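Numbering follows the working numbering, with no gaps: position 95 of the sequence shown is 93.
The beta-carbon is built from N, C-alpha and C at its ideal position, and this holds for glycine as well.
Model, not experiment: these values are computed from the prediction.
Some notes on the structure that comes next.
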Amino acid sequence: TGFFSSEVDFGAPFNEEDIKTSEGFTDSFLMKITSDATYNYTYTFGGTGRDYGKVVKTGEAGEIYLAGLFEEVVDFGSDFSQENLKEAKGLSDIFLLNIAEDDTLVDLKTFGSTSDEAVTSLLTDNDSGLFLLGTFSSDLNFKEDFNGTDLLIPYGDKDSFLIKITDNKYEYVKQFGNDNSEITETS
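Structural data, given as structure tokens:
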């Protein structure tokens, strides 16, 4: 995963042709390559703003989780032959895609406020659990895309969060912060 601008032939290193053109300044991409270096595809997601794929993980059943940032309006379903428009609430919002082993879009969740958010890590466990780690800087309802409310207010300029999702269902969010800025990173 990552981002690109203008036009890129993602298949060229594999003697394939798969030319993609960004919709805006930068678009996110997800490239799938088999263990024997066979090129499968590149999916792209983008609107007129800056959109970035940040972290990707594979689950126990072969599903793919992709998290990143998006601005403005993005159609996350176009490479899956469906429309799935999301509009950012602020400067940059977080997206989380769940793609099945058969490469169909299973679920899309977004997390955003009137300011900017960031995603830094994505972890999986052995019980279909997914952990999303990042930062937020304005009041944010982390449960909105799950038809609920779990509103967190940052203690300072920027706080860290940890969300747990199991089988595409919201479990909880934990907040880490004080009156300064907290930035989360993993290695």
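Residue i versus residue j: straight-line alpha-carbon distance, rounded
i: L94; j: I151; result: 21 Å
i: A59; j: T122; result: 12 Å
i: T42; j: D148; result: 30 Å
i: I92; j: A10; result: 30 Å
i: S113; j: Q80; result: 29 Å
i: A35; j: D7; result: 17 Å
i: V222; j: D155; result: No answer is possible for residue 222: it lies beyond the span of the chain, which begins at -1 and ends at 185.
i: D137; j: G110; result: 9 Å
i: K172; j: N96; result: 22 Å
Supposed close pair residue i, residue j - CB separation, criterion 8 Å
i: R86; j: E99; result: The sequence given here has Ala at residue 86, not Arg. Contact doesn't hold; Cβ gap of about 29 Å is too wide.
i: L128; j: Y168; result: About 11 Å; that fails the 8 Å criterion.
i: F78; j: L103; result: 4 Å
i: V117; j: K30; result: In fact, because the Cβ distance is near 20 Å, the residues do not count as touching under 8 Å.
Three-state secondary structure assigned by DSSP to residue i
i: S76; result: helix
i: D137; result: coil
i: E169; result: strand
i: D143; result: helix
i: F12; result: helix
i: Y153; result: coil
i: E85; result: strand
Residues bridged to residue i [DSSP beta-bridge criterion]
i: S3; result: Partner(s): none; S3 has no beta bridge.
i: N96; result: Y63 and D105
i: F68; result: D91
i: D273; result: Past the edges of the chain, shown from -1 to 185, lies residue 273, and the structure says nothing about it.
i: T118; result: Partner(s): none; T118 has no beta bridge.
Among the options, nearest to residue i - alpha-carbon criterion
i: S119; options: I161, N145 and D143; result: I161
i: F140; options: G154, I163 and G127; result: I163
i: S178; options: Y170, Y50, E115 and D157; result: First, the amino acid is wrong: residue 178 is Asn here, not Ser. If we check each option's Cα against that of N178, D157 comes out closest.
i: D25; options: G88, E61, T32 and T40; result: T40
i: T(-1); options: E15, D73 and T56; result: T56
i: G132; options: D73, S90, D101 and G146; result: S90
CB contact check: residue i to chain D, cutoff 9 Å
i: G132; result: In the displayed structure, chain D is absent; only one protein chain is listed.
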